[in-house]
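Everything in the sequence shown is counted per full-length UniProt numbering, starting at 1 for the first residue and increasing by one.
Take a look at the structure below.
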Amino acid sequence: MDYLKKQYGVHNILISPYNSQANDPVERQHYNICEALMKATQGNKNDWPLVAASVFWAECVTVQKSTGYFPYYIAHSIKPILPFDLAESTLMALPITSTMSTTDLIAYHTTQLQ
């Protein structure tokens, strides 16, 4: 850590693993992922491994309420070209409602990736 601090000005912050207030942003994303896994598998936990990669990818390309951007865009500064953005794929998908929650959007994109 001393090297990172000197070289890049990175400061280490110690957070207790059981401090729910400090871990809230991370735990919130875990909740969204778990809910999306449940929705994508219709509640069958045994099927989670079959959809996990799609759920994680869908989460990276779903606009986050907190930032208004895709996590992918934040990391790479480009908008990803997605299979469900293509006209043919979009016509086969159900329309997105403006009131969908983050977990609903992640589950929706996951089903499009299947």
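Note that CB positions come from ideal geometry on N, CA and C, so glycine has one too.
Any idea if residue i is buried or exposed, counting beta-carbon neighbours within 10 angstroms, 16 or more meaning buried?
i      : result
ASN32  : buried
GLU59  : buried
THR103 : buried
THR67  : exposed
HIS109 : buried
SER98  : exposed
Go ahead and pull the three-state DSSP assignment for residue i.
i      : result
ALA87  : Below a pLDDT of 50, predicted positions are generally treated as unreliable, and ALA87, at 49, falls in that range; the measurement from the model is reported next regardless. DSSP places ALA87 in helix when its eight states are reduced to three.
TYR69  : coil
GLN112 : helix
Throw me the rounded Cβ distance for the residue i and residue j pair, which I believe falls under 8 Å.
i      : j     : result
ILE106 : THR62 : 5 Å
ALA53  : LEU37 : About 11 Å; that fails the 8 Å criterion.
VAL55  : ALA40 : 6 Å
PRO80  : TYR69 : That pair is no contact at about 12 Å.
At 4 residues or longer, what runs of the alpha helix (DSSP H) sit wholly inside the region 16-48? Fully enclosed alpha helix (DSSP H) runs of 4 or longer: 24-40.
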